[in-house]
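The block underneath contains the structure these notes are about, expressed in structure tokens.
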Amino acid sequence: MLINDLLERPIYFVLWVMAVILALTIHEFSHAFAGRLQGDKTAEYEGRLTLNPLAHIDWLGFFLLVVAGFGWAKPTPFNPYNLKYKRFGPALVALAGPIANTLVVVVIGTALSIIYRFGDFAPDNLMIVFFIILIQVNILLAVFNLIPIPPLDGAKLLYTFIGHKRPDIVLFLERYGMWLLLALVFFGDRFIASLFEFFYNLTLQLIF
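Its first residue numbered 1, the sequence shown is counted upward by one per residue in the numbering used here.
What follows is the structure in structure tokens.
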């Protein structure tokens with residue numbers, strides 16, 4: 001779903017934008033909520049413990065995500081020293097975003113399954129289309145963010161398990177992570193697409 005949809009199928013483009021806003025908001029709010037549950041109020045103090053999309057949207061990252069499929073939201077801040085679980089706390093905060101996106105996929109997928117079994121909706125029904133797009137966007141966010149390259153959530157998971165043993169790897173990733181991520185986006189697009197397609201097709205099989 002790229003910018004050409006704005007010209008060819010404007011309503012689908014609008015649905016895509018709505019899905020991106022909703023998925024990003026849920027993702028970032030979940031990070032803030034996970035930190036707050038562990039006693040850290042950093043995100044709350046900065047106004048991020050909210051479902052208001054304006055608190056989470058980075059407009060450049062949002063624009064790129066909408067038109068190119070790659071972008072970002074404002075990083076949700078947390079203070080690891082305030083977390084109840086010192087070692088695994090950062091990993092729990094990091095996991096909260098992808099888990100929340102996965103839960104959205106489960107809920108919307110279940111709703112679609114019920115609709116198709118007991119309802120009579122055309123495939124081009126706008127509600128059905130929006131649900132499908134919402135599943136796609138949430139799968140993309142969950143899968144992409146679990147890649148262990150900073151500043152993605154997967155890096156925090158990796159640091160939790162190897163940081164105390166291999167600080168050299170952590171230092172390398174922190175120094176060159178952004179370049180590695182850009183290289184992955186521009187040259188590893190087939191790898192990202194294959195990951196997305198695997199989980200998307202699996203979701204469709206479970207739904208239908």
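Idealized CB from N, CA, C, for every residue including glycine. Only a predicted model underlies this, so the values are computations on that prediction, with no experimental measurement involved.
Asked	Found
Is residue 192 helix, strand or coil by DSSP?	helix
Where in the segment 113-155 do unbroken runs of the alpha helix (DSSP H), each at least 4 residues long, occur, reported from the N-terminal end onward?	126-145
Taking the C-alpha atoms as reference points, what is the distance between residue 9 and residue 129?	12 Å
Can you confirm whether the segment 109-120 touches the segment 180-199 when touching is taken to mean that 3 or more C-beta pairs between the two stretches lie within less than 8 Å?	no
So residue 33 is in the alpha helix (DSSP H); what residue range does that whole segment cover?	10-37
What's the call for residue 21, buried or exposed, on a 16-neighbour Cβ count within 10 Å?	buried
Measuring straight from C-alpha to C-alpha, what distance separates residue 172 and residue 166?	10 Å
Hey, out of 124, 153, 44 and 198, whose CA is closest to residue 73's CA?	153
Please go through the same chain and pick out, in chain order, the residues whose beta-carbon is closer than 8 Å to the beta-carbon of residue 174, but skip the five residues on each side of it.	150
Under three-state DSSP, which class holds residue 46?	coil
Note the first and the last residue of the continuous alpha helix (DSSP H) segment covering residue 72.	Careful: residue 72 lies outside any alpha helix (DSSP H) and carries neither H nor E.
Which residues in the same chain have their Cβ closer than 8 Å to the Cβ of residue 109, if we skip the five residues on either side of it in sequence?	135, 203, 206 and 207
What is the DSSP secondary structure of residue 173, reduced to helix, strand or coil?	helix
Checking 8 Å against the spacing of the C-beta atoms, do residue 39 and residue 86 come in under that value?	no
Can the beta-carbon of residue 98 be found less than 8 Å from the beta-carbon of residue 55?	no
Under 8 Å between C-beta atoms, does residue 83 make it to chain D?	You won't find chain D in this structure, because it holds only one protein chain.
Under 8 Å Cβ to Cβ from residue 191, same chain only, skipping five residues before and after it: list those, please.	184
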